[in-house]
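Chemist: In the UniProt record's numbering, the protein residues as written are 1 to 139. Sharing a structure here in structure tokens format.
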Amino acid sequence: MDHALGALAAALNRGDAAAALHAFAPGARVADPIGSDPVSGADLDDYVRGLVDAHTRIEAGEVRSNADGTVACMPVRIERDDADHPGYRIRVTAALHADMDPAGRISMLRSIWGPDNIAPTDFESPRYAASLARLREPA
Numbered sequence: 001m002d003h004a005l006g007a008l009a010a011a012l013n014r015g016d017a018a019a020a021l022h023a024f025a026p027g028a029r030v031a032d033p034i035g036s037d038p039v040s041g042a043d044l045d046d047y048v049r050g051l052v053d054a055h056t057r058i059e060a061g062e063v064r065s066n067a068d069g070t071v072a073c074m075p076v077r078i079e080r081d082d083a084d085h086p087g088y089r090i091r092v093t094a095a096l097h098a099d100m101d102p103a104g105r106i107s108m109l110r111s112i113w114g115p116d117n118i119a120p121t122d123f124e125s126p127r128y129a130a131s132l133a134r135l136r137e138p139a
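Structure, rendered in structure tokens:
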């Protein structure tokens, strides 16, 4: 996993916020999910540390990129603690889309997922399943 997207996933799997942040170029932005207001600077630091604090684990697929390496994407399955339900974890199936800087670091990361891509890892909990159903209801 020598690509910055792979390095980001590996760093988060180790719980290493500093290494995860190193995958990003100076001034990088993240939109998670895509369409949300991107975070950058200190907010990006907080975002990455929040992923580490949530014990995020990423099962990464193969990175795909264009010929000059300026754009890349990677399918992922993410598991993390659910902030809304302490003691539970959620799984998000997503695709990461990245614009890369000339040094091969991530300058813009978009996480592509929606409510239908979220599932509890504990399907035994009726309370949790009901909460997830409410999340999926149209606004």
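Note that CB positions come from ideal geometry on N, CA and C, so glycine has one too.
(1) Keeping to the same chain, check which residues put their C-beta closer than 8 Å to that of Val-52; ignore five residues upstream and five downstream.
(2) Comparing C-alpha positions only, which one of Tyr-47, Asp-46, Val-30, Ala-54 sits nearest to Pro-86?
(3) Between which two residues does the beta strand (DSSP E) harbouring Ala-98 extend?
(4) From the DSSP output, in three-state form, read off Asp-37 for me.
(5) Of all the beta strand (DSSP E) runs that stay within the bounds of the region 26-70, which reach a length of 3 or more residues?
(6) Start and end of the beta strand (DSSP E) containing Arg-105?
(7) Report buried or exposed for Ala-67, applying the criterion of at least 16 other Cβ atoms within 10 angstroms of its Cβ.
(8) Need the endpoints of the beta strand (DSSP E) that Ala-119 sits in, please.
(9) Could you tell me the boundaries of the alpha helix (DSSP H) in which Gly-6 lies?
(10) Considering just the uninterrupted stretch of the alpha helix (DSSP H) at Ala-20, what are its terminal residues?
(11) Identify whether Pro-115 lies in helix, strand or coil by the three-state DSSP scheme.
(12) Count the other C-beta atoms from every protein chain shown that fall within 10 angstroms of the C-beta of Asp-84, then say buried if there are 16 or more, exposed otherwise.
Modeler: Looking at the atomic coordinates:
(1) Within the sequence shown, numbered from 1, the residue matching residue 52 stands at position 52. So the list reads Leu-12, Gly-15, Asp-16, Ala-17, Ala-20, once near-sequence residues are dropped.
(2) Against the sequence shown, residue 86 aligns to sequence position 86. Nearest option by C-alpha distance: Ala-54.
(3) As a position in the sequence shown, residue 98 is number 98, starting the count at 1. 89-100 is the span of the beta strand (DSSP E), which, as asked, contains Ala-98.
(4) Position 37 of the sequence shown, counted from the start, is the residue given in the question as residue 37. Coil, per DSSP.
(5) Counting whole runs of 3 or more residues, the region 26-70 contains the beta strand (DSSP E) stretches 57-60.
(6) For the purposes of this step, residue 105 is taken as the residue at position 105 of the sequence shown. For Arg-105, there is no enclosing beta strand (DSSP E), as DSSP gives it neither H nor E.
(7) In the sequence shown, the residue the question calls residue 67 occupies position 67. Counting C-beta atoms within 10 angstroms of its own C-beta, Ala-67 has fewer than 16 neighbours from the protein chains shown and is therefore classed as exposed.
(8) Stepping through the sequence shown from its first residue, residue 119 is reached at position 119. It spans 118-120 - the beta strand (DSSP E) in which Ala-119 sits, taken as one unbroken run.
(9) Residue numbering aside, residue 6 sits at position 6 when the sequence shown is read from its first letter. Counting along the chain, the alpha helix (DSSP H) containing Gly-6 begins and ends at 4-14.
(10) Taking the sequence shown and counting its residues from 1, one reaches residue 20 at position 20. Looking at the DSSP string, the run of the alpha helix (DSSP H) that includes Ala-20 is 17-22.
(11) Walking along the sequence shown from the start, residue 115 turns up at place 115. In the three-state reduction of the DSSP assignment, Pro-115 falls in the helix class.
(12) Numbered from 1 along the sequence shown, position 84 holds the residue referred to as residue 84. Of the other Cβ atoms in all chains shown, fewer than 16 fall within 10 Å of the Cβ of Asp-84; this residue is therefore exposed.
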